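Undergrad:
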Amino acid sequence: MPPDYTPFSLLTDVGWISLLLVIGNLARRFIPVFQTLMIPAPMTAGLLGLALGPHGAGIIGFSDQLSTYAGILIAIVFGALPYGMEFGGHLAKGARTMWSYSVGMYMGQWGLLILFGVLLLTPLFGTPDWFGMMLPVGFVGGFGVAAAVGASLTDAGAEAAMTLGFTSAAVGTIVAIIGGLALSKWGSVTGRTSQLPEFRKLPEDLRTGLISLPGQRPSVGRATTNPSSIEPIALHGAVIILTVFAAHVITGAVAEAVPWLDIPLFAAAFVLGLAAVGVLHLVKAPHYVDKELSSSISGAATDFLVAFGVASIVPSVVAEYITPLLILFAAGLAYCLIVFFLLSPAMFRRDWLERGIFGWGWATASVAMGIALLKIVDPKLKSGTMEEFGIAYVGFAPFEIAMAILAPIVVLAGVTAWFGAGATLAAAVIIGMAFVFKWVGDTATAQEAAAARE
Numbered sequence: 009m010p011p012d013y014t015p016f017s018l019l020t021d022v023g024w025i026s027l028l029l030v031i032g033n034l035a036r037r038f039i040p041v042f043q044t045l046m047i048p049a050p051m052t053a054g055l056l057g058l059a060l061g062p063h064g065a066g067i068i069g070f071s072d073q074l075s076t077y078a079g080i081l082i083a084i085v086f087g088a089l090p091y092g093m094e095f096g097g098h099l100a101k102g103a104r105t106m107w108s109y110s111v112g113m114y115m116g117q118w119g120l121l122i123l124f125g126v127l128l129l130t131p132l133f134g135t136p137d138w139f140g141m142m143l144p145v146g147f148v149g150g151f152g153v154a155a156a157v158g159a160s161l162t163d164a165g166a167e168a169a170m171t172l173g174f175t176s177a178a179v180g181t182i183v184a185i186i187g188g189l190a191l192s193k194w195g196s197v198t199g200r201t202s203q204l205p206e207f208r209k210l211p212e213d214l215r216t217g218l219i220s221l222p223g224q225r226p227s228v229g230r231a232t233t234n235p236s237s238i239e240p241i242a243l244h245g246a247v248i249i250l251t252v253f254a255a256h257v258i259t260g261a262v263a264e265a266v267p268w269l270d271i272p273l274f275a276a277a278f279v280l281g282l283a284a285v286g287v288l289h290l291v292k293a294p295h296y297v298d299k300e301l302s303s304s305i306s307g308a309a310t311d312f313l314v315a316f317g318v319a320s321i322v323p324s325v326v327a328e329y330i331t332p333l334l335i336l337f338a339a340g341l342a343y344c345l346i347v348f349f350l351l352s353p354a355m356f357r358r359d360w361l362e363r364g365i366f367g368w369g370w371a372t373a374s375v376a377m378g379i380a381l382l383k384i385v386d387p388k389l390k391s392g393t394m395e396e397f398g399i400a401y402v403g404f405a406p407f408e409i410a411m412a413i414l415a416p417i418v419v420l421a422g423v424t425a426w427f428g429a430g431a432t433l434a435a436a437v438i439i440g441m442a443f444v445f446k447w448v449g450d451t452a453t454a455q456e457a458a459a460a461r462e
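Numbering (the numbering used here), first residue to last: 9 to 462.
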């Protein structure tokens with residue numbers, strides 16, 4: 009810890025970001041353009057922090073440790089993940105297409121853009137071999153993966169990785185919003201969907217970000233302890249922090265014993281979380297760690313992660329790579345458009361626009377953004393997209409987690425190009441399977457979706 013960094017420095021950093029998060033939430037509530045674009049409050053907070061912080065106007069005096077918080081916050085997110093996961097289930101017939109589409113799209117973006125960076129950008133501009141990876145890290149990976157991969161590469165000496173990853177995630181979010189709204193309007197004008205409502209008819213909570221009616225507010229978790237012993241949120245917070253702390257101790261010990269082996273903190277936290285859940289099941293006490301409350305803590309950490317991550321972007325680093333970065337963004341945008349206009353209708357056929365819009369939001373930003381865009385073209389969720397994705401995610405999650413964990417490892421091992429080739433091959437095989445085994449078009453009808461919700 010630097011000598012001028014104290015606990016009050018942490019309080020100051022968190023205090024400023026908290027103020028900016030509140031401002032971001034109020035902006036979503038009262039400023040029409042923020043509602044129209046559905047800009048998340050953490051994104052607004054991060055951009056304000058960047059504009060007003062040390063790399064901007066210099067009004068907010070963030071500490072010089074601002075960029076280090078992302079590594080801890082992403083470890084909290086991954087450490088909490090196992091406690092909120094549903095274990096078990098199977099891929100239903102109607103979700104096979106969604107599974108192959110999701111995995112194919114995800115792996116394809118990783119593989120093709122990594123190869124694009126290695127084979128084109130590195131020879132032309134002298135960028136590092138991991139440069140192309142920054143597109144999927146920020147787009148389909150989102151702020152969480154950007155923090156995870158960026159923190160690991162920064163620790164290994166690639167100091168630009170964190171800034172480039174968060175820049176990619178920020179650009180991806182903007183592309184998701186503007187592009188998603190444009191594609192939704194195109195679908196309505198061309199008659200590919202008849203469900204697109206006027207903006208003012210969208211649910212109020214989707215527009216403003218606030219749930220005004222008490223009866224519509226979902227629970228963020230259930231109490232599993234009596235406050236006379238310990239507050240439920242204190243227990244859950246302690247369990248998750250203990251998981252991350254144990255991961256920190258173990259990774260530190262491994263680094264001392266085997267200097268060449270660098271285990272990412274977030275990866276160790278996830279594995280230890282899985283082990284802890286296994287122990288809880290072994291002693292028949294898994295219900296004392298509530299899944300919803302654990303997910304809420306993980307979600308809160310993600311919001312602060314996004315705000316801190318965007319606020320810590322170093323503009324000079326972006327400027328240094330601006331030309332190859334713009335080319336990379338253009339290539340990523342082209343990939344997402346190809347997935348939407350060619351792959352989505354070819355694989356889904358019925359209600360392909362709704363599923364394609366969901367895929368667009370996910371491919372450029374996050375699953376949450378995909379859901380938000382889906383609710384624009386399918387406000388009553390009649391297409392069955394969410395039911396299919398919910399089932400398919402059981403088989404998709406291992407790919408998502410594996411890519412986030414393996415990405416920094418393969419870079420450090422010097423096999424980035426082979427990693428990109430392997431991901432591209434996996435995408436081709438999985439999408440090809442859908443056509444060979446005639447899974448394409450195997451989607452849920454409105455009646456089947458309604459039955460699944462019941």
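Cβ atoms here follow ideal geometry from the backbone N, Cα and C, with glycine treated the same way.
Computed from a predicted model, the values in this text were never measured in an experiment.
Going along the chain, which unbroken runs of the alpha helix (DSSP H) with 4 or more residues stay wholly within the segment 248 to 327?
TA: 273 to 290, 299 to 319
Undergrad: With a threshold of 16 other CB atoms inside 10 Å of the CB of E362, please say whether the residue is buried or exposed.
TA: In the sequence shown, residue 362 corresponds to position 354, counting from 1. So E362 counts as buried.
Undergrad: Taking one C-beta from the segment 391 to 406 and one from the segment 163 to 179 each time, how about it: are there three or more such pairs within less than 8 Å?
TA: Verdict: no, contact absent.
Undergrad: With V85 as the anchor, note down where its alpha helix (DSSP H) starts and where it stops.
TA: As a position in the sequence shown, residue 85 is number 77, starting the count at 1. Element bounds for V85: 77 to 92.
Undergrad: For D213, I'd like the list of residues in its chain whose CB is within less than 8 Å of its CB, leaving aside the five on either flank, ordered along the chain.
TA: Taking the first residue of the sequence shown as 1, we reach residue 213 at position 205. Only I219, S220, Q224 meet the Cβ criterion.
Undergrad: Got a sec? Which residues, its chain only, sit under 6 Å from H98 by beta carbon, not counting five neighbours each side?
TA: By 1-based counting over the sequence shown, the position of residue 98 is 90. Confidence at H98 is low in this model, with a pLDDT of 40, below 50, so the placement of that residue should be treated as unreliable; the coordinate-derived value is given next. Closer than 6 Å at Cβ, skipping near neighbours: no residue.
Undergrad: Starting from the C-beta of S26, find all residues in its chain whose C-beta is less than 6 Å away, skip the five residues before and the five after it, and write them out in chain order.
TA: Position 18 of the sequence shown holds residue 26. Cβ neighbours of S26 beyond the five flanking positions: none.
Undergrad: Compare the beta carbon distance of I305 and I84 with 9 Å and say whether it is the shorter of the two.
TA: Walking along the sequence shown from the start, residue 305 turns up at place 297. Walking along the sequence shown from the start, residue 84 turns up at place 76. Yes, the pair counts as a contact, with Cβ atoms nearer than the cut-off.
Undergrad: Measure the C-alpha to C-alpha separation of G69 and L350 and round it to an integer number of angstroms.
TA: Translated into positions along the sequence shown, residue 69 becomes position 61. Translated into positions along the sequence shown, residue 350 becomes position 342. Cα atoms of G69 and L350: separation of roughly 48 Å, rounded to the nearest angstrom.
Undergrad: Let me know the secondary structure DSSP gives H63 once reduced to three states.
TA: Working through the sequence shown from its first residue, we reach residue 63 at position 55. Collapsing the DSSP output to three states places H63 in coil.
Undergrad: Suppose contacts are defined by Cβ-Cβ distances below 9 Å. Is Y109 in contact with A442 by that definition?
TA: Numbered from 1 along the sequence shown, position 101 holds the residue referred to as residue 109. Numbered from 1 along the sequence shown, position 434 holds the residue referred to as residue 442. For Y109 and A442, yes; Cβs fall inside 9 Å.
Undergrad: How big is the Cα-Cα spacing for K292 and H256?
TA: The residue labelled residue 292 in the question sits at position 284 within the sequence shown. The residue labelled residue 256 in the question sits at position 248 within the sequence shown. Near 27 Å, if we compare the C-alpha coordinates of H256 and K292.
Undergrad: So what does DSSP say about L334, is it helix, strand or coil?
TA: Start at 1 with the first residue of the sequence shown, and residue 334 comes out as number 326. Residue state, collapsed to three classes: helix.
Undergrad: Where does K494 sit, in a helix, a strand or coil, going by DSSP?
TA: Nothing about residue 494 can be reported from this structure: the residues present for the chain run from 9 to 462 only.
Undergrad: Counting along the chain, where does the alpha helix (DSSP H) carrying D163 start and finish?
TA: For the purposes of this step, residue 163 is identified with residue 155 of the sequence shown, where counting begins at 1. It spans 150 to 163 - the alpha helix (DSSP H) in which D163 sits, taken as one unbroken run.
Undergrad: Tell me whether the segment 275 to 289 and the segment 226 to 236 touch, counting them as touching only if at least three CB pairs, one residue from each stretch, are closer than 8 Å.
TA: no
Undergrad: Just reading off the alpha helix (DSSP H) that L129 is part of, what are its end residues?
TA: Taking the first residue of the sequence shown as 1, we reach residue 129 at position 121. First-last for L129: undefined, no H or E at that position.
Undergrad: Near S17, which residues of its chain fall below 8 Å by C-beta distance, leaving aside the five closest residues on each side in sequence?
TA: Residue 17 sits at position 9 when you count from the first residue of the sequence shown. Taken in chain order, the residues that qualify are S71, Q73.
Undergrad: Tell me where the alpha helix (DSSP H) around V437 begins and ends.
TA: Translated into the one-based positions of the sequence shown, residue 437 becomes position 429. 424 to 444 is the span of the alpha helix (DSSP H), which, as asked, contains V437.
Undergrad: Tell me which residue opens and which closes the alpha helix (DSSP H) that N234 is part of.
TA: As a first step, residue 234 must be located in the sequence shown, where it is residue number 226. No alpha helix (DSSP H) holds N234; DSSP gives it neither H nor E.
Undergrad: Would you identify the three-state DSSP class for F38, choosing helix, strand or coil?
TA: Mapped onto the sequence shown, residue 38 falls at position 30. Here F38 sits in helix by DSSP.
Undergrad: When DSSP labels each residue in this structure, what does G119 get in the three-state scheme?
TA: Mapped onto the sequence shown, residue 119 falls at position 111. In the structure shown, G119 sits in a helix (DSSP, three-state: H, G or I).
Undergrad: Is the segment 411 to 424 in contact with the segment 149 to 167, if contact means three or more CB pairs nearer than 8 Å?
TA: yes
Undergrad: State yes or no: is the C-beta of W447 within less than 9 Å of the C-beta of R104?
TA: Here residue 447 corresponds to residue number 439 of the sequence shown, with the count starting at 1. Here residue 104 corresponds to residue number 96 of the sequence shown, with the count starting at 1. In contact: W447 and R104 (Cβ atoms closer than 9 Å).
Undergrad: Check the C-beta distance from G32 over to V252 and give it rounded, since I have them as a contact under 8 Å.
TA: For the purposes of this step, residue 32 is identified with residue 24 of the sequence shown, where counting begins at 1. For the purposes of this step, residue 252 is identified with residue 244 of the sequence shown, where counting begins at 1. Their Cβ separation, rounded to whole angstroms, is 26 Å, which puts G32 and V252 out of contact at 8 Å.
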